[in-house]
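Structure, as structure tokens:
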């Protein structure tokens, strides 16, 4: 609930990719996937609350329509999705996305949530560098949380799906580090009342990741060894709903 006027938070989801066939059939788009994640988080609150009472969600396809972004006056928060594309690319839509994110962060009123590719876009907007790692980080991975990370996520340990090779080289000076894994030191970051982002995918389910990994294998994007290792862990317990609840708490700060 918007603390200023007790109305739903106006959340704009910036879609940076298109869902694979199975995910599209069930959720329609990555906005649908992220909305489902947020619905699960709302349902797990004590007491449970309907999504519509907390959030008014709109979607923006920033790839197909890079000239169409929400006016800052019309929103309270943005959520930047993951993507198959690289934040290192110089495509015009990526450049525009970084510029828009920087503008939103400088505004100071609007909350910013970044997921995977979105996490890296937020890093770029804050002056960090993004690097391309040789190896994948895939499947459910346990994170080590910092002291502040334990407070923000409300847990001592956290495991979520990973699906990336790019990562932020180092945390921007302005952020509070929240988490790391053996393969990635920059897993989550936070600025109170301004931004929170995670390198992993709290919105992904086992079913979604199985479909994507099958596509990776079919197209030769991962070796058989990496595929088998990831598939072994794809059904492990994960804390995506807890991360989504942290997003809700952040947006209500």
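In my numbering, the protein residues as written are 1333 to 1585. Ideal Cβ positions, reconstructed from N, Cα and C, are used throughout, including at glycine. If you're wondering where the values come from, they're calculated on a predicted model, not measured in any experiment.
query                                                                                                                                                                     : result
In or out: residue 1396 buried (at least 16 other Cβ within 10 Å) or exposed?                                                                                             : exposed
State the DSSP-derived secondary structure class of residue 1517, mapped to helix, strand or coil.                                                                        : strand
In whole angstroms, give me the CA-to-CA distance for residue 1426 and residue 1465.                                                                                      : 19 Å
Less than 8 Å between the C-beta atoms of residue 1529 and residue 1450, yes or no?                                                                                       : yes
Go through its chain and collect everything with a Cβ distance to residue 1381's Cβ below 7 Å, but skip five positions before and after it.                               : 1374
What does the alpha-carbon distance come out to for the pair residue 1371 and residue 1584?                                                                               : 16 Å
From the DSSP output, read off the bridge partner residues of residue 1341.                                                                                               : 1387
With 16 other CB atoms within 10 Å as the buried threshold, where does residue 1518 fall?                                                                                 : buried
Among the residues of its own chain, which have a CB less than 7 Å from the CB of residue 1398, if the five just before and after it don't count?                         : 1424, 1425, 1428
Near residue 1542, which residues of its chain fall below 8 Å by C-beta distance, leaving aside the five closest residues on each side in sequence?                       : 1563, 1566
Flag this pair as touching only if the region 1400 to 1412 and the region 1479 to 1495 have three or more C-beta atom pairs under 8 Å; answer yes or no.                  : no
Pick out the complete beta strand (DSSP E) segments inside the region 1522 to 1559, 3 residues or longer, and give them in chain order.                                   : 1527 to 1530
On the criterion of 16 or more Cβ atoms from any shown chain inside 10 Å, does residue 1386 qualify as buried, or is it exposed?                                          : buried
Name the DSSP bridge partner or partners of residue 1412?                                                                                                                 : 1346, 1446
Does residue 1451 come out as helix, strand or coil in the three-state DSSP assignment?                                                                                   : helix
May I ask you to list the residues that DSSP assigns as paired with residue 1490?                                                                                         : 1475
Return the CA-CA distance between residue 1333 and residue 1389, expressed in angstroms with no decimal places.                                                           : Any answer about residue 1333 is weak, because its pLDDT of 44 lies below 50 and its placement is not dependable; what the coordinates show is given next. So the two alpha carbons sit approximately 13 Å from each other.
Does the region 1351 to 1358 come close enough to the region 1409 to 1420 to have 3 or more Cβ pairs within less than 8 Å?                                                : no
Since residue 1345 and residue 1391 should fall inside the 8 Å C-beta cutoff, what is the C-beta to C-beta distance between them, to a whole number of angstroms?         : 5 Å
If we ignore side chains and look at the alpha-carbon of each, how far apart do residue 1349 and residue 1467 end up?                                                     : 22 Å
Spatial neighbours of residue 1430 within its chain, please: C-beta separation below 7 Å, excluding the five flanking residues on both sides.                             : 1453, 1456, 1457
What does a CB cutoff of less than 8 Å around residue 1361 pick up in its chain, not counting 5 residues either side in sequence?                                         : 1347, 1350, 1351, 1391
In this structure, how does DSSP classify residue 1417 when only helix, strand and coil are distinguished?                                                                : coil
Just checking my contact of residue 1568 with residue 1472 at CB under 8 Å: how many whole Å lie between their CB atoms?                                                  : 4 Å
In chain order, what residues of the same chain have a beta carbon less than 6 Å from the beta carbon of residue 1525, not counting five sequence neighbours either side? : 1585
For residue 1311, count neighbouring Cβ atoms within 10 angstroms of its own Cβ and tell me buried if that reaches 16, exposed if not.                                    : In the structure as shown, the chain begins at 1333 and stops at 1585. Residue 1311 is therefore absent and cannot be evaluated.
If residue 1574 sits next to residue 1487, beta carbons under 8 Å apart, how far is it from one beta carbon to the other, in whole angstroms?                             : 6 Å
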